[in-house]
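Enquirer: Protein chains in written order, with the working numbering: chain A, 27 to 138; chain B, 633 to 738. The beta-carbon is built from N, C-alpha and C at its ideal position, and this holds for glycine as well.
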Amino acid sequence: DVKVTQSSRYLVKRTGEKVFLECVQDMDHENMFWYRQDPGLGLRLIYFSYDVKMKEKGDIPEGYSVSREKKERFSLILESASTNQTSMYLCASSFEVTGELFFGEGSRLTVL
Amino acid sequence: RKEVEQDPGPFNVPEGATVAFNCTYSNSASQSFFWYRQDCRKEPKLLMSVYSSGNEDGRFTAQLNRASQYISLLIRDSKLSDSATYLCVVSYKYIFGTGTRLKVLA
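Right under this line is the structure:
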């Protein structure tokens, strides 16, 4: 079975802190994605990556950056967390560009 | 206009009913379409892909209408276990709709 693992299920951070969300997949997938999910807004794409060291902006990249130094790992970075970044963050991976997305269980971030 | 739009519902239907959801998309160049299911407090999981000719998987039927730019999901003989949020997805950047909540009532 494909496994996408997100490092933390729940995090509480203070405004201005730097936050790292880690995601690891074990199926040698080329493509990895970071979404945030908010009530009434659905899943919104933050960043995605089609290859190591490659990244593309999604619909809401402001306030976020990403890192993909190894194929299996895709990190989301909040340089200076703000309260409006309180959300559920979902990482996903896929083998083909238009193939099935496999999601991690999500990381619920609260910024105080 | 949003790239992908869905009626948020909720759709409350009795067991055994047939229910249909639509999802409209704005990018006519979109090539791949999917329906995902998300249970409460869980991650989304693929329900089915949507092919140009339409496709069926048991009680579920998905269709694509390129001329009107929408996809649909039909659920026949609804079960209590079908209660979930159904998300449509349009590639190439895997744009998700906001989801339609379905509640099947006993």
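In chain A, which residues lie with their C-beta within 7 Å of the C-beta of G778 of chain B?
Expert: Outside the shown range of chain B (633 to 738) lies residue 778 of chain B, about which nothing can therefore be said.
Enquirer: Give a yes or no on whether 7 Å exceeds the smallest Cβ distance from F728 of chain B to chain A.
Expert: For the purposes of this step, residue 728 of chain B is taken as the residue at position 96 of the second sequence. With 7 Å as the cut-off, F728 of chain B counts as an interface residue toward chain A.
Enquirer: Can at least three beta-carbon pairs, one atom from the stretch 68 to 85 of chain A and one from the stretch 722 to 734 of chain B, be found at a separation below 8 Å?
Expert: In short, these stretches touch, since the Cβ pair count reaches three.
Enquirer: Please classify F128 of chain A as buried or exposed, where buried requires at least 16 other C-beta atoms within 10 Å of its C-beta.
Expert: Position 102 of the first sequence, counted from the first residue, corresponds to residue 128 of chain A. So F128 of chain A counts as buried.
Enquirer: Please confirm if G68 of chain A has its CB atom under 7 Å from at least one CB of chain B.
Expert: Locating residue 68 of chain A in the first sequence gives position 42, counting from the first residue. Answer yes: the Cβ-Cβ gap between G68 of chain A and chain B drops below 7 Å somewhere.
Enquirer: Determine, using beta-carbon pairs with one atom in the stretch 692 to 711 of chain B and one in the stretch 98 to 114 of chain A, whether at least three such pairs fall under 8 Å.
Expert: The stretch 692 to 711 of chain B is not in contact with the stretch 98 to 114 of chain A.
Enquirer: Does DSSP put V52 of chain A in a helix, in a strand, or in coil?
Expert: Mapped onto the first sequence, residue 52 of chain A falls at position 26. According to the sequence shown, residue 52 of chain A is Asp rather than Val. Three-state DSSP puts D52 of chain A in coil, outside helix and strand.
Enquirer: In three-state terms, what does DSSP make of S713 of chain B?
Expert: Taking the first residue of the second sequence as 1, we reach residue 713 of chain B at position 81. Three-state result, S713 of chain B: helix.
Enquirer: Determine the contact status of R134 of chain A and Y36 of chain A, defining contact as a CB-CB distance below 7 Å.
Expert: What you label residue 134 of chain A is simply residue 108 of the first sequence in a count that begins at 1. What you label residue 36 of chain A is simply residue 10 of the first sequence in a count that begins at 1. It is a contact, given that the beta carbons lie within the stated cut-off.
Enquirer: For N131 of chain A, would you say it is in contact with chain B, using Cβ-to-Cβ distances shorter than 7 Å as the test?
Expert: Counted from its first residue, the first sequence places residue 131 of chain A at position 105. The question names Asn, but residue 131 of chain A is Glu in the sequence shown. By this cut-off, E131 of chain A is an interface position.
Enquirer: Closer than 7 Å by C-beta to L83 of chain A: which residues in its own chain qualify, once you throw out the five before and the five after it? Chain order, please.
Expert: Residue numbering aside, residue 83 of chain A sits at position 57 when the first sequence is read from its first letter. Checking the displayed sequence, the identity of residue 83 of chain A turns out to be Lys instead of Leu. Here the set comprises Y73.
Enquirer: Who pairs with K677 of chain B in a beta bridge, going by DSSP?
Expert: Here the question's residue 677 of chain B lines up with position 45 in the second sequence. DSSP output for K677 of chain B lists B:R669 as bridge partner(s).
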